[in-house]
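Below you'll find the structure, written out as structure tokens, and then a few comments.
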Amino acid sequence: MKNLTILFSIIIMTSSASYSKKEKADLVILNGKVLTIDKENPYAEAIAVSCERIIAVGPSAKIKKYVVKGKTEIIDASGRLVIPGFNDAHVHFGPLDPDFIELRYTTDPSVITQKVKEKVAGSKPGELIEGGHWEHEMFIDRQWPSKELIDKVSPDNPVVLSRADGHSVLVNSYVLNKSGITRDTPNPLGGEIQKDPATGEPTGILKETAENLIWTGAVKSSRSPEEEAARTHQGYLLALMEAREYGVTSVQIPGDADFNAYEKLQAEGNLTSRIDIGKSLTGDTSVLLKYKEIKKKYPDGGNWIRFGYLKAFIDGTIGSGTALMFEPFADNPKSSGLAMMPYEKFEEMVVTADKMGFQIGVHSIGDKGNNWTLNAYEKAIKVNGRRDSRHRDEHTQTLQLSDIPRFAELGVIPSMQPTHCITDKRFYEKRIGTERSKGAYAWRSLINTGAILAFGSDYQVEPLNPMEGLYAAVTRKDRLGEEGNGWFPEQKLTMEEAIKYYTLGSAYAQFMDDRKGMIKPGYLADIVIVDRDLLTIPEDQIMKAKIDYTIVGGKVVYSSGK
Ligand SMILES: [Zn+2]
């Protein structure tokens, strides 16, 4: 076995050496700590790139030979970590609202005042001002924000700013008045109107169902179709900018999106992340034939805009108590969740689409929901025969332990989003008890049985920043870095594993592992340089890590200037 490995490496070394002799590099990265995710050659120092592909990986001294003076761009990584670009396997990517006030990672609440003030200055009276993603636990004083923070700067506009988790909002007095919310308004069922303990007045914070009381009375902004189109285009550019800044070089959109919009962005030279777009799963062969036509236009062999997989939902969520479970919820013994359709109908759709050669991905949260998804894929193999289908189980949140080995057996990909684990663990055991939580986000158990994970963010439900996913995968702790060893710590991954599933694992899930997800000669040059060494820093540093360079197809599309 050992001899074979050595022989194999020699073949690779000689073939890459002869391959590279002819070529000169357009770009080289020198003096890095390169984590290649290529198990034949896991660590290196430098990379040479020609056109859109990597042509050589090795020591800086060797890679310098590819440099042509005046032609080759040289990046000195100065010891920084260099890894393949992140591939977000489940992201609701699309145009952002250009007017949305982004408050994520705000530590100083006065920044909120300032940003609202600026937005109001550019708006007409009565126009709705929206923003969010603030997290008061990140504020210096860790206090809930209140309407006083924004009232003075927004006397004539409704302001609604949502918390990072989307479960509470801060509104100004304008909104409270329009909505008729006063000190005397009782809390609605399942919600809270936060009130000042001293004065009894509403503070401006509305939690859960209390958000339904909001009536902003906002005046409609009137825009022409041209203005609307320009705004949407700007929204795409903002989304792509965010992806570049976070080092996300590939995105896989679950379900439908606008192929034409991305084509236009590509034609303009503005497409800086590779995109997979899917469609909804159906058992209707006439619709499936139409999908085939679209797929011809955006084939698997493409590298930029591709037809992804067919998406279905089998159940809901644990948080809302709608995940499909074998046994009732611990905190609601009357309910075992909801199936989105009868099993027989679901199975028929899966078998039909599988027969026509499509890849399928099913949103599966509860243990029974996941069981159904696996059963349907198993049935497809029985009826249509085994092929390299790489069907996906989107989320894979709660598994009965006996289902864990079936992923590898059936070749099904658990497409998982690590941050869901650290967001949901607050209520998981309350909802389903400790015993069933053993099968929740069971990364280690899954890979022990040979399953290949694909990692993603589920943005905009969770943040796009892959550092949050890596942090979640290696700590299983909340974002504030709680004490202890993490939630079901036996399921934690190492940082190298987490990076692998966020790059090569995700590429495998889209049939691109032959050309993406590793830093290896012949592979697409999608590379990021991180400002700190994720492999050695303490865990409280992981989410603070920033991207210094994002390279897609050999082009530097983002640089922090460091
Ligand atoms: Zn999703």
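Residue numbers (the working numbering): 686 to 1247.
Using N, Cα and C, we set each Cβ at its ideal position, and we do this for glycine too.
Computed from a predicted model, the values in this text were never measured in an experiment.
Three-state secondary structure assigned by DSSP to S735: Working through the sequence shown from its first residue, we reach residue 735 at position 50. If DSSP states are grouped into helix, strand and coil, S735 belongs with the strands.
Does E1182 come out as helix, strand or coil in the three-state DSSP assignment? The count along the sequence shown starts at 1 and reaches residue 1182 at position 497. Correct three-state label for E1182: helix.
Excluding the 5 residues flanking N872 on each side, which residues of the same chain have their C-beta closer than 7 Å to its C-beta? On the sequence shown, residue 872 is found 187 positions in, with the first residue counted as 1. Excluding sequence neighbours, N872 sits near I878 and A895.
What is the rounded straight-line gap between the Cα of W1326 and the Cα of H821? Since the first residue of the chain shown is 686 and the last is 1247, residue 1326 is not available in this structure.
Who pairs with L1149 in a beta bridge, going by DSSP? Here residue 1149 refers to the residue found at position 464 when the sequence shown is read from its first residue. According to DSSP, L1149 bridges with nothing at all.
Report the residue ranges of all beta strand (DSSP E) runs contained in full by the segment 1071-1129; include only those spanning at least 3 residues, in chain order. 1077-1080 and 1098-1101
Let's test the definition: count the other Cβ atoms within 10 Å of the Cβ of C1106 and tell me whether it reaches 16, buried, or not, exposed. Counted from its first residue, the sequence shown places residue 1106 at position 421. Result: buried.
Using alpha carbons as the reference points, say which of G963, L1165 and H1080 lies closest to D985. One-based indexing of the sequence shown puts residue 985 at position 300. When only C-alpha atoms are compared, the closest one is G963.
Would you tell me roughly how many angstroms separate the C-alpha atoms of I835 and K949, rounded to the nearest one? For the purposes of this step, residue 835 is taken as the residue at position 150 of the sequence shown. For the purposes of this step, residue 949 is taken as the residue at position 264 of the sequence shown. So the two alpha carbons sit approximately 39 Å from each other.
Regarding V860 and ligand 1, is the C-beta to nearest heavy atom distance less than 7 Å? Stepping through the sequence shown from its first residue, residue 860 is reached at position 175. Incorrect: V860 has no Cβ contact closer than 7 Å to ligand 1.
Determine the contact status of N716 and Y1187, defining contact as a CB-CB distance below 8 Å. In the sequence shown, counting from the first residue as 1, residue 716 sits at position 31. In the sequence shown, counting from the first residue as 1, residue 1187 sits at position 502. No.
Alpha-carbon to alpha-carbon, T957 and Y1243: Sequence index remark: in the sequence shown, residue 1243 carries index 558 (1-based). Sequence index remark: in the sequence shown, residue 957 carries index 272 (1-based). The straight-line gap from Cα to Cα measures roughly 9 Å.
Is the CB-CB distance between Y1126 and M1152 below 8 Å? Counting from 1 along the sequence shown, the entry for residue 1126 is found at position 441. Counting from 1 along the sequence shown, the entry for residue 1152 is found at position 467. The answer is no: Cβ separation not under 8 Å.
Would you call I739 buried or exposed, if buried means 16 or more other Cβ atoms sit within 10 Å of its Cβ? Mapped onto the sequence shown, residue 739 falls at position 54. Counting Cβ neighbours within 10 Å, I739 comes out buried, since at least 16 surround it.
Nearest to K837 by CA position, among M1180, I797 and E812, is which residue? Position 152 of the sequence shown holds residue 837. The option with the nearest alpha carbon to K837 is I797.
Relative to the C-alpha of E911, which candidate in E787, L788 and Q919 has its C-alpha closest? As a working note, residue 911 is residue 226 in the sequence shown. Measuring from the Cα of E911, the nearest candidate turns out to be Q919.
From this set, N862, L1084, K809 and E893, which residue's C-alpha is nearest S907's C-alpha? In the sequence shown, counting from the first residue as 1, residue 907 sits at position 222. The residue with the shortest Cα to Cα distance from S907 is K809.
Would you verify that the beta carbon of E911 is, or is not, closer than 8 Å to some beta carbon of chain D? Here chain D cannot be found, since the structure has a single protein chain.
Let me check you understand the geometry: is the CB of V933 closer than 7 Å to at least one non-hydrogen atom of ligand 1? Residue numbering aside, residue 933 sits at position 248 when the sequence shown is read from its first letter. V933: no, Cβ never under 7 Å from ligand 1.
Per DSSP, S1021 forms a beta bridge with which residues? As a first step, residue 1021 must be located in the sequence shown, where it is residue number 336. DSSP output for S1021 lists no bridge partner at all.
Assign E1175 to buried or exposed, taking buried as 16 or more other Cβ atoms, counted over all protein chains shown, within 10 Å of its Cβ. Your numbering for residue 1175 matches position 490 in the sequence shown. By the 16-neighbour rule on beta-carbons within 10 angstroms, E1175 is exposed.
Buried or exposed: A1065, going by 16 or more other Cβ atoms within 10 Å of its Cβ? As a working note, residue 1065 is residue 380 in the sequence shown. Buried: at least 16 other Cβ atoms inside 10 Å.
Looking at R765: is its Cβ nearer than 8 Å to the Cβ of D1216? Stepping through the sequence shown from its first residue, residue 765 is reached at position 80. Stepping through the sequence shown from its first residue, residue 1216 is reached at position 531. Pairing R765 with D1216 gives a Cβ-Cβ distance under 8 Å.
Using 8 Å as the threshold, is the C-beta distance between V1252 and S839 below it? The structure shown has nothing for residue 1252, since the chain only spans 686 to 1247.
Taking only runs of the beta strand (DSSP E) that begin and end inside the segment 903-954, which ones reach a length of at least 3 residues, in chain order? 933-938
Which of the three DSSP states is assigned to N1055 in this structure? Translated into positions along the sequence shown, residue 1055 becomes position 370. In the three-state reduction of the DSSP assignment, N1055 falls in the helix class, which pools H, G and I.
Would the C-beta of V1146 count as close to ligand 1, meaning under 7 Å from any of its heavy atoms? The residue given as residue 1146 occupies position 461 in the sequence shown. Answer for V1146: yes, Cβ within range of ligand 1.
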